[in-house]
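Counted the way the numbering used here counts, the sequence shown spans residues 4 to 249. Cβ atoms here follow ideal geometry from the backbone N, Cα and C, with glycine treated the same way. Please read all numbers here as calculations on a predicted model, not as lab measurements. Report on the following structure.
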Amino acid sequence: MKRVFLAAVLAAFAPVPSSAGTLYVGHGIPGKIVGDASNKLPVDVCLVAADGTKSALFTEALNFGDFKKIPIDLPAGRYDVEIQLFDNGSCASTVAAAASIFLGIGENATGIAHLTEQGTATVTKYVNDFRPLGQGQARLYARHAAAVGDVDVYVKGQGRPVFIRDLENPDQEGTALRAGSTFVSISRAQGEWGWGDRSNHEGQGLFSARLDLEAGMAYFAYAVGIPSADPAKNTFTVLLQALKLN
Numbered sequence: 004m005k006r007v008f009l010a011a012v013l014a015a016f017a018p019v020p021s022s023a024g025t026l027y028v029g030h031g032i033p034g035k036i037v038g039d040a041s042n043k044l045p046v047d048v049c050l051v052a053a054d055g056t057k058s059a060l061f062t063e064a065l066n067f068g069d070f071k072k073i074p075i076d077l078p079a080g081r082y083d084v085e086i087q088l089f090d091n092g093s094c095a096s097t098v099a100a101a102a103s104i105f106l107g108i109g110e111n112a113t114g115i116a117h118l119t120e121q122g123t124a125t126v127t128k129y130v131n132d133f134r135p136l137g138q139g140q141a142r143l144y145a146r147h148a149a150a151v152g153d154v155d156v157y158v159k160g161q162g163r164p165v166f167i168r169d170l171e172n173p174d175q176e177g178t179a180l181r182a183g184s185t186f187v188s189i190s191r192a193q194g195e196w197g198w199g200d201r202s203n204h205e206g207q208g209l210f211s212a213r214l215d216l217e218a219g220m221a222y223f224a225y226a227v228g229i230p231s232a233d234p235a236k237n238t239f240t241v242l243l244q245a246l247k248l249n
């Protein structure tokens, strides 16, 4: 069953006064998809008020791969957000993606612009897991935000391997593990038969990397872009958002 974290219908800007939350905004749409050789695809992040007035949340552009914290306290409630092609914060440019983000009481969350499985631009809110960790532990979450079907994620760190099977766009799944050097691999979903062969996951598939995880940190790894057998067209990659917990 899908765990979809975002309502996709635009509505009036109507936050409910309550304990302030924390919201980060991320950019996960590679510019190469639309012919931007720099791959940055700079955008404005605009908030839409109940009367239709739009205001930029950042004075500078948000580039592909960036994560920025919204610099104001946000009461719990619903926020209409538009991702527009960069025009110096005018909020009068072409809309690339739009959505309503619901922020819970005291919630820490990230809203990221990315592609659906079918390749359509969208925005998804993920709640950041800020539960306390044990001594010497880190937390790692895989977040599927790429234009590809279900994926399998293999994680091998200081303890037993972790397998995340059949992760759907835009779902997430994570775990606490011992800090240190950790190998992560992403492949197209293989079903139960594929997990017996370790070679399917180490250095194979869509993506692989070794991460140095620091104790007391939470790492949110976003699979983004569109995979292709042609290296010139392949934009599939992983963006890492690291947040300190302790």
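For residue i, tell me which candidate among the options has the shortest Cα-Cα distance.
| i | options | result |
| --- | --- | --- |
| Val-51 | Glu-63, Ala-100, Gly-38 | Ala-100 |
| Val-98 | Gln-87, Ile-104, Gly-92 | Gln-87 |
| Gly-137 | Arg-146, Thr-127, Glu-217 | Glu-217 |
| Thr-53 | Phe-70, Val-84, Lys-35, Pro-74 | According to the sequence displayed, residue 53 carries Ala and not Thr. Out of Phe-70, Val-84, Lys-35, Pro-74, Val-84 has the C-alpha closest to the C-alpha of Ala-53. |
| Gly-31 | Ser-22, Gly-38, Ala-40, Pro-45 | Pro-45 |
| Tyr-144 | Val-187, Ala-124, Gly-107 | Val-187 |
| Asp-39 | Asn-66, Ile-104, Ser-22, Gly-55 | Asn-66 |
| Ile-104 | Ala-124, Val-130, Asp-90 | Val-130 |
| Val-37 | Ser-22, Thr-123, Asp-90, Gly-55 | Thr-123 |
| Leu-77 | Ile-108, Ala-235, Ser-41 | Ile-108 |
Whose C-beta lies closer than 6 Å to the C-beta of residue i among residues of the same chain, with five residues either side of it excluded?
| i | result |
| --- | --- |
| Ala-59 | Asp-47, Cys-49, Gly-92, Cys-94 |
| Gln-161 | Arg-181, Gly-183 |
| Lys-159 | Phe-186 |
So, for residue i: in the same chain, excluding its five sequence neighbours on each side, which residues have a beta-carbon less than 7 Å away from its beta-carbon?
| i | result |
| --- | --- |
| Asp-153 | Asp-169, Leu-170, Glu-171, Ala-192 |
So, is the C-beta of residue i closer than 9 Å to a C-beta in chain C?
| i | result |
| --- | --- |
| Gly-114 | Although the question refers to chain C, the structure presented lacks it and comprises just one protein chain. |
I need the DSSP call for residue i, collapsed to helix, strand or coil.
| i | result |
| --- | --- |
| Val-37 | helix |
| Cys-49 | strand |
| Phe-105 | strand |
| Ala-23 | coil |
| Ala-192 | coil |
| Phe-239 | coil |
Cutting at 8 Å between CB atoms, please list the residues of its own chain near residue i, excluding the five before and the five after it.
| i | result |
| --- | --- |
| Trp-196 | Reliability fails at Trp-196, whose pLDDT of 45 lies under 50, so the model's placement of it is uncertain and no value is given. |
| Ala-148 | Gly-31, Ile-115, His-117, Leu-118, Thr-127, Asn-172, Pro-173, Tyr-225, Ala-226, Val-227 |
Tell whether a beta-carbon distance below 9 Å holds between residue i and residue j.
| i | j | result |
| --- | --- | --- |
| Gly-24 | Ala-79 | yes |
| Arg-146 | Ala-179 | no |
| Ala-102 | Gln-121 | no |
| Leu-248 | Ala-226 | no |
| Ala-245 | Ala-221 | yes |
| Arg-231 | Thr-238 | Checking the sequence shown, residue 231 turns out to be Ser, not Arg. Yes. Within cutoff. |
| Leu-118 | Tyr-82 | no |
| Thr-185 | Asp-215 | yes |
| Phe-133 | Gln-175 | no |
| Ala-64 | Lys-35 | no |
Assuming residue i contacts residue j under a Cβ cut-off of 8 Å, what Cβ separation, rounded to an integer in Å, is found between them?
| i | j | result |
| --- | --- | --- |
| Ile-75 | Val-28 | 12 Å between Cβ atoms; not a contact. |
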